[in-house]
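**Q**
In the UniProt record's numbering, the protein residues as written are 1 to 133.
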């Protein structure tokens, strides 16, 4: 097996490259005489873990007589980095000034409609049940 040691500096460099202003504000472009600047929300997380050990184990207790046999030593390290980028809208800069235009999240609109429908349905069912008493 090769030497696969955790490099925390690599995770830091990845985070540095990801969480930049260029990720939040996209490359501006011109459309119909106005400057359009896309905007996104960037979230992320970094996690690391390390473990070391030595000594053999036989059953539920440590086997000190045998010492650190072939299965008695070890170390491990792991790291993960995740990010999520979501478009939230655009700034439009024209002759009248700068204007914010939010992006429409259709999934959120549909979910909101479903929740309202469920609440209304439950209210009608409760009213109908109480009326039958």
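Note that beta-carbon positions come from the ideal geometry of N, C-alpha and C, so glycine has one too.
When you compare each of 35, 121, 44 to residue 85 by their alpha carbons, which one comes out closest?
**A** The residue given as residue 85 occupies position 85 in the chain shown. That would be 44, whose Cα lies nearest to the Cα of residue 85.
**Q** Run through the DSSP bridge pairs and tell me what residue 30 is partnered with.
**A** As a working note, residue 30 is residue 30 in the chain shown. DSSP output for residue 30 lists 35 as bridge partner(s).
**Q** How far does the beta strand (DSSP E) with residue 103 in it reach, from first residue to last?
**A** As a first step, residue 103 must be located in the chain shown, where it is residue number 103. From DSSP, residue 103 is part of no beta strand (DSSP E); its letter is neither H nor E.
**Q** Kindly give me the distance between the Cβ atoms of residue 11 and residue 48, rounded to whole angstroms, as I take these residues to be in contact under 8 Å.
**A** The residue you call residue 11 lines up with position 11 of the chain shown. The residue you call residue 48 lines up with position 48 of the chain shown. That belief holds up - the Cβ atoms of residue 11 and residue 48 are roughly 7 Å apart, short of 8 Å.
**Q** Indicate whether the contact test is met: 3 or more Cβ pairs, each with one atom in the region 101 to 111 and one in the region 78 to 92, closer than 8 Å.
**A** yes
**Q** Using a Cβ-Cβ cut-off of 6 Å (strictly less than) and excluding sequence neighbours within five positions of residue 36, which residues of its own chain qualify?
**A** On the chain shown, position 36 is the one that residue 36 refers to. Cβ within range, chain order: 29, 90, 92.
**Q** By DSSP's criteria, residue 85 is part of a beta bridge. Which residues make up the other side?
**A** For the purposes of this step, residue 85 is taken as the residue at position 85 of the chain shown. Beta-bridge pairing links residue 85 to 42.
**Q** Kindly indicate which three-state DSSP category residue 94 falls into: helix, strand or coil?
**A** The sequence position of residue 94 within the chain shown is 94, counting from 1. Reduced to three states, the DSSP call for residue 94 is strand.
**Q** Can you give me the Cβ contacts of residue 83 inside the same chain, cut-off strictly under 6 Å, excluding the 5 residues immediately before and after it?
**A** Within the chain shown, numbered from 1, the residue matching residue 83 stands at position 83. Taken in chain order, the residues that qualify are 18, 44.
**Q** Per DSSP, which one or two residues make a beta bridge with residue 75?
**A** Counting from one through the chain shown, the residue named residue 75 turns up at place 75. In the DSSP output, where bridge partners are listed per residue, residue 75 has 52.
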